[in-house]
Structure formats: C-alpha cells, structure tokens
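A quick write-up on the structure given underneath.
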Amino acid sequence: MSEDLTRKMLSSFEERVLAEFAALNARFNSFEARLIAFDGRLTSVEDKVDARLRETRPIWEGVQQCLTGIEKGLATLNRQFGTLIKDSFDLRSRVERLEDGQAAREG
39 MSEDLTRKML SSFEERVLAE FAALNARFNS FEARLIAFDG RLTSVEDKVD
89 ARLRETRPIW EGVQQCLTGI EKGLATLNRQ FGTLIKDSFD LRSRVERLED
139 GQAAREG
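Numbering-wise (the working numbering), the sequence shown opens with residue 39 and increments by one.
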C-alpha cells in the first residue's frame, strides 16, 4: 500500500511541477508576444521620426542659412555702430577743445 501512496505522491508532485512549467511557459509566451508587439510599435515610431526628419531637413537648412546671413549682418552693424560711437566721441572731444580754447580767448 505504501508503494501506491508513494507513486500517487510522486505522480502528484510530477504533475504539479509540470503544471508549473506549463504555466511559466504560457507566461513566457505571453511576454514574448507583447515584446514582439512592442518592437513593432517602436519600429513604426522610428520610421515616422525618420520620415519627419527627412521632411523638415530642407526647412532647417534654410533656417540655418538665414541665421548665418543675420549673424553676418549683425557683425557689420556692430562694426558700424562702433565706428559711429567712436566718431561721436572724437567729435565731442573736438567741440570741447574748441569751446575751451574760445573760453580761454574770451577770458
């Protein structure tokens, strides 16, 4: 009798182990399916991003050219303002010297 009980216990244990392995296998298959779906969605997003980059690249290159032109124009304008300010100070100095010389002659 004890052999039958042992066999039943072993059989029951084996069945439980196999059932657990089957459950793990099912969960793994489910996870694998979700991972494959996620990979497909990610690939789709990457394709859309690449397409958008190709669409906007010419626009961006045009913007960069415009910015380069603006930077050159601002550099020229800064030089011109620098020259104007220097000339204004030089002129103001001359006027003050003339005024000082005139005041000395009158006084």
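C-beta: ideal position from N, C-alpha, C; glycine also. On a predicted model such as this, the values are computed, not experimentally measured, just so you know.
Residue i versus residue j: straight-line alpha-carbon distance, rounded
{"i": "Ser50", "j": "Gly78", "result": "42 Å"}
{"i": "Arg18", "j": "Gln103", "result": "Outside the displayed span of the chain (39 to 145) sits residue 18, for which this structure offers no information."}
{"i": "Ser68", "j": "Phe59", "result": "14 Å"}
{"i": "Asp128", "j": "Leu122", "result": "10 Å"}
{"i": "Glu70", "j": "Leu62", "result": "12 Å"}
{"i": "Glu137", "j": "Phe119", "result": "27 Å"}
{"i": "Val55", "j": "Arg65", "result": "15 Å"}
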